[in-house]
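Shown next, in structure tokens, is the structure this report addresses.
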Amino acid sequence: MISNSILQDTINGIKNISKCDLTVAGLDGKVIVSTLSDVTLNRSDIVSFVESQADYQEIRENRYFKVYDDMQLEYVVIAVGGDDTVMVGKMAAFQIQNLLIAYKEHFDKDNFIKNLLLDNLLLVDVYNRAKRLHIKTDARRIVYILESEQTKDYSTIEAIKSLFASSNKDDFITAVDERDIIIIKELDEEDDNKVMHEIGESIINALQGDHGDVRVSYGNAVSEIREVSRSYKEARMALDVGKIFFEDQNVVAYSQLGIGRLIYQLPIPLCKMFINEIFTDKSPDDFDEETLATINKFFENSLNVSETSRQLYIHRNTLVYRLDKLQKSTGLDLRVFDDAITFKIALMVVKYMKYMEKVEY
């Protein structure tokens with residue numbers, strides 16, 4: 276159903292051109308919108324016209340026209356005054372009927388996209404419905420998920436729509452839950468990871484201001500419409516995993532998750548068993564801030580002792596002493612690649628466990 280404001284704008288525009296007053300009524304005879312400040316139409320006349328077989332009637336010098344949506348009667352248009360009321364009435368009825376078709380197509384497209392994202396369609400239905408809705412099936416696309424403190428706020432949605440309004444691409448903006456906005460962006464064949472990331476940053480920039488904390492995640496690019504749901508699932512995982520291991524980044528790609536996406540899928544009991552086996556009765560949380568800072572900086576510098584000591588502003592021997600001390604307490608020598616990998620994974624597992632505990636409570 277068309278909103279009343281759209282109907283009002285439509286008949287106002289036609290009146291400005293034709294100088295003919297128009298009224299749109301419902302099937303119950305109630306006036307919905309009108310260009311007249313004081314509508315004196317007889318409600319029984321409208322109901323009588325609705326119940327008749329005629330598509331056009333002249334009643335008490337007013338012209339009545341029926342507006343259909345797919346053979347279903349939706350509105351009655353009444354033209355009042357002017358020299359060309361019949362022509363103007365027909366034009367208004369035709370315009371409103373086209374609006375109904377456009378709104379219905381928009382609703383059908385949005386419904387199709389939602390079901391496509393959620394894998395609620397059979398493969399044959401995906402291609403048949405896409406063809407009927409004039410949606411390209413072989414375009415290169417990528418799915419972005421936007422999460423903000425005011426995700427469903429009208430201004431947020433409008434800001435995103437305006438961002439892609441000038442594009443001639445087949446883009447879609449929708450939502451499948453109460454939290455997030457989904458953007459399905461059509462890409463050019465030459466668009467690479469850098470361009471995809473820049474699109475994510477442009478979404479963030481468009482919402483800077485009064486939208487609170489904003490995060491954007493995205494999946495991998497796909498070339499077939501049936502694969503869009505896969506990109507959506509990847510973007511969904513990137514959003515969740517990004518909050519754990521990339522909390523300082525507001526744009527996160529599925530392709531950058533690395534081992535984080537594997538850890539995210541581990542059951543908590545298995546994680547606890549792993550930590551107990553590695554550290555026995557200790558945990559990486561038990562280390563003091565100085566030790567944790569040393570460990571993280573050592574990993575950042577790819578286990579390079581000289582570069583790490585330089586960035587920490589400590590003597591090389593001091594760093595070696597700290598690493599030796601850590602080895603005695605954990606049995607892991609971070610200068611050995613295998614031990615370093617084990618320790619790094621353990622730190623990530625603990626971070627994941629703490630995040631899940633916070634989410635559950």
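Heads up: the sequence shown begins at 276 in the working numbering, then just goes up one per residue.
The beta-carbon is built from N, C-alpha and C at its ideal position, and this holds for glycine as well.
Worksheet item: Which residue from ALA368, ARG404, ASN373, ILE371 puts its Cα closest to that of ASP385?
Response: ARG404
Discussion item. To test your reading of the DSSP string, which unbroken beta strand (DSSP E) runs of 3 or more residues are found completely within the stretch 518-565?
Written reply: The qualifying runs are 526-528.
Practice prompt. Measure the C-alpha to C-alpha separation of MET623 and PHE439 and round it to an integer number of angstroms.
Written response: 37 Å
Practice prompt. Mind checking who TYR350 pairs with in its DSSP beta bridge?
Written response: VAL342
Fill in: Between the CA atoms of LYS603 and ALA510 - distance to the nearest angstrom
42 Å
Worksheet item: By DSSP, does MET416 sit in helix, in strand, or in coil?
Response: A small correction: the amino acid at residue 416 is Arg; Met does not occupy that position in the sequence shown. Correct three-state label for ARG416: strand.
Worksheet item: DSSP state of GLU422, grouped into three classes?
Response: In the structure shown, GLU422 sits in a strand (DSSP, three-state: E or B).
Worksheet item: Smallest Cα separation from ASN468: which of THR593, TYR493, ASN579?
Response: Distance check between ASN468 and each of THR593, TYR493, ASN579 places TYR493 closest, using alpha-carbon atoms only.
Item to complete: Can you give me the Cβ contacts of VAL451 inside the same chain, cut-off strictly under 7 Å, excluding the 5 residues immediately before and after it?
Response: Correct list, in chain order: LYS389, LEU392, LEU393, ILE457.
Discussion item. Helix, strand or coil for ARG511? Go by DSSP, reduced to three states.
Written reply: helix
Worksheet item: From which residue to which residue does the beta strand (DSSP E) around ASN501 run?
Response: Note that residue 501 corresponds to Arg in the displayed sequence, not to Asn. Segment: none, ARG501 is in no beta strand (DSSP E) and carries neither H nor E.
Discussion item. Taking the beta carbon of GLY475 as the centre, do at least 16 other beta carbons fall within 10 Å, making it buried, or is it exposed?
Written reply: buried
Practice prompt. Under 8 Å by Cβ, that's how I've got LEU297 and LYS305 pegged, so tell me the actual separation to the nearest angstrom.
Written response: About 16 Å; that fails the 8 Å criterion.
Worksheet item: Whose C-beta lies closer than 6 Å to the C-beta of GLN372 among residues of the same chain, with five residues either side of it excluded?
Response: VAL342
Worksheet item: Among LEU601, GLU336, VAL352, THR360, which one has its Cα closest to the Cα of LYS294?
Response: The candidate whose alpha carbon is nearest that of LYS294 is THR360.
Worksheet item: How many Å lie between ILE570 and ARG610 at the Cα?
Response: Rounded to the nearest angstrom, the two C-alpha atoms are 11 Å apart.
Worksheet item: What is the residue span of the alpha helix (DSSP H) that GLN328 lies within?
Response: Counting along the chain, GLN328 falls outside any alpha helix (DSSP H), and DSSP gives it neither H nor E.
Worksheet item: From VAL516 to ARG415, what distance separates their C-alpha atoms?
Response: 25 Å
Worksheet item: Which same chain residues, not among the five before or five after ILE432, have their C-beta less than 8 Å away from its C-beta?
Response: ILE448, ILE456
Fill in: Distance between LEU398 and PHE521 (C-alpha atoms, nearest Å)
35 Å
Practice prompt. Would you kindly work out how many angstroms separate the C-alpha atoms of TYR627 and LEU532, rounded to a whole number?
Written response: 13 Å
Worksheet item: When the Cα atoms are used, what is the spatial distance from THR583 to GLN524?
Response: 24 Å
Item to complete: For LEU537, count neighbouring Cβ atoms within 10 angstroms of its own Cβ and tell me buried if that reaches 16, exposed if not.
Response: Classification for LEU537: exposed.
Discussion item. By the DSSP assignment, the beta strand (DSSP E) with SER492 in it spans what residues?
Written reply: Residues 489-493.
Discussion item. How far does the beta strand (DSSP E) with ASP455 in it extend, from its first residue to its last?
Written reply: 455-461
Worksheet item: Per DSSP, which one or two residues make a beta bridge with PHE387?
Response: DSSP, once it has assigned bridges, lists no residue as partnering PHE387.
Worksheet item: CA-CA distance, ASP413 and LYS633?
Response: 42 Å
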